[in-house]
Amino acid sequence: MNTTPLKRNTEPVRMRNYGRIVQDMVALAAKEQDANRRHQMIIYIAQCMRQKNAIWNKEQESGIQRLKEDIYTLSRGALTCDFPEFEPLMQQLMQHPMPVNETRAMMPQKKKKKVI
Numbered sequence: 038m039n040t041t042p043l044k045r046n047t048e049p050v051r052m053r054n055y056g057r058i059v060q061d062m063v064a065l066a067a068k069e070q071d072a073n074r075r076h077q078m079i080i081y082i083a084q085c086m087r088q089k090n091a092i093w094n095k096e097q098e099s100g101i102q103r104l105k106e107d108i109y110t111l112s113r114g115a116l117t118c119d120f121p122e123f124e125p126l127m128q129q130l131m132q133h134p135m136p137v138n139e140t141r142a143m144m145p146q147k148k149k150k151k152v153i
């Protein structure tokens, strides 16, 4: 019987449904010293996460609590959404359904080749 202890996983948490850019934004916000700027960054990150989650999971929209937990998990406990501006703003955003193909509609359309 092998009694050597297992190595603890020290890799950063990855949530592929949000993408690398969101993960980098969370890391940047965790390093921010100014509280007001950090709060603004957290709100923007939550909006991006909501949009990414709507694209990834079309049947179910993520709630505010899910976004709070994911931000906390991605930042390894460095970021929390317990400041007063977060909850009312996210409630207002959650009332409006997010179009799933919003990003696709903004992209330029390819020109179709003429068939002769």
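Quick note: the sequence shown uses the numbering used here, first residue 38, plus one each step. Cβ atoms here follow ideal geometry from the backbone N, Cα and C, with glycine treated the same way. Every value quoted in this text rests on a predicted model; they were computed, and no experiment measured them.
query                                                                                                                                             : result
Given a threshold of 16 other Cβ atoms within 10 Å of its Cβ, counted over all protein chains shown, does Ala-66 qualify as buried or as exposed? : buried
Put Ile-58 into one of helix, strand or coil per three-state DSSP.                                                                                : helix
Quick check on DSSP: helix, strand or coil for Ile-153?                                                                                           : coil
Spatial neighbours of Asp-107 within its chain, please: C-beta separation below 7 Å, excluding the five flanking residues on both sides.          : Met-52 and Met-86
Could you tell me which of Ser-112, Arg-45, Pro-121 and Gln-129 sits nearest to Glu-69, measuring between CA atoms?                               : Ser-112
Using the C-alpha atoms, what's the distance from Leu-126 back to Ile-79?                                                                         : 12 Å
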